[in-house]
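Peer 1: The structure's right below; bear with me while I get my questions together.
In the working numbering, the protein residues as written are 18 to 92.
In structure tokens form, the structure reads like this:
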């Protein structure tokens, strides 16, 4: 859940320039927080797999949105 909060806070902290990647990280961060909460509190068996899908998306998002800075790729 902490990493999801970082994803939400990182675009302004790192000075992202790609609008698509900004929204991708914010939405992905919110999903990670929500799915993490569901995994922890509600004991939903499928929620960790949702986090895996979000993580897979985060691997490919900088390539899809053509991130202009190294910080956007590294995050």
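From the three backbone atoms N, C-alpha and C, an ideal C-beta is built for every residue, glycine too.
Thinking C-beta only, is residue 21 closer than 8 angstroms to residue 50?
Peer 2: Looking up residue 50 in the chain shown gives position 33. Looking up residue 21 in the chain shown gives position 4. Against a cut-off of 8 angstroms, the Cβ pair of residue 21 and residue 50 comes out as a contact.
Peer 1: So residue 25 packs on residue 43, CB below 8 angstroms; how close in whole Å?
Peer 2: Mapped onto the chain shown, residue 25 falls at position 8. Mapped onto the chain shown, residue 43 falls at position 26. Right, the Cβ-Cβ distance comes to about 5 angstroms (below 8 angstroms), so this counts as a contact.
Peer 1: Please state whether the Cβ-Cβ distance between residue 74 and residue 45 is less than 8 angstroms.
Peer 2: Here residue 74 corresponds to residue number 57 of the chain shown, with the count starting at 1. Here residue 45 corresponds to residue number 28 of the chain shown, with the count starting at 1. Closer than 8 angstroms, so yes.
Peer 1: Per DSSP, what kind of secondary structure is residue 62 in: helix, strand or coil?
Peer 2: In the chain shown, residue 62 corresponds to position 45, counting from 1. Looking at residue 62 - three-state DSSP - the assignment turns out to be coil, as it is neither helix nor strand.
Peer 1: Please list the terminal residues of the continuous alpha helix (DSSP H) segment that includes residue 28.
Peer 2: Counted from its first residue, the chain shown places residue 28 at position 11. Taken as a continuous stretch (DSSP letters only), the alpha helix (DSSP H) holding residue 28 covers 19–31.
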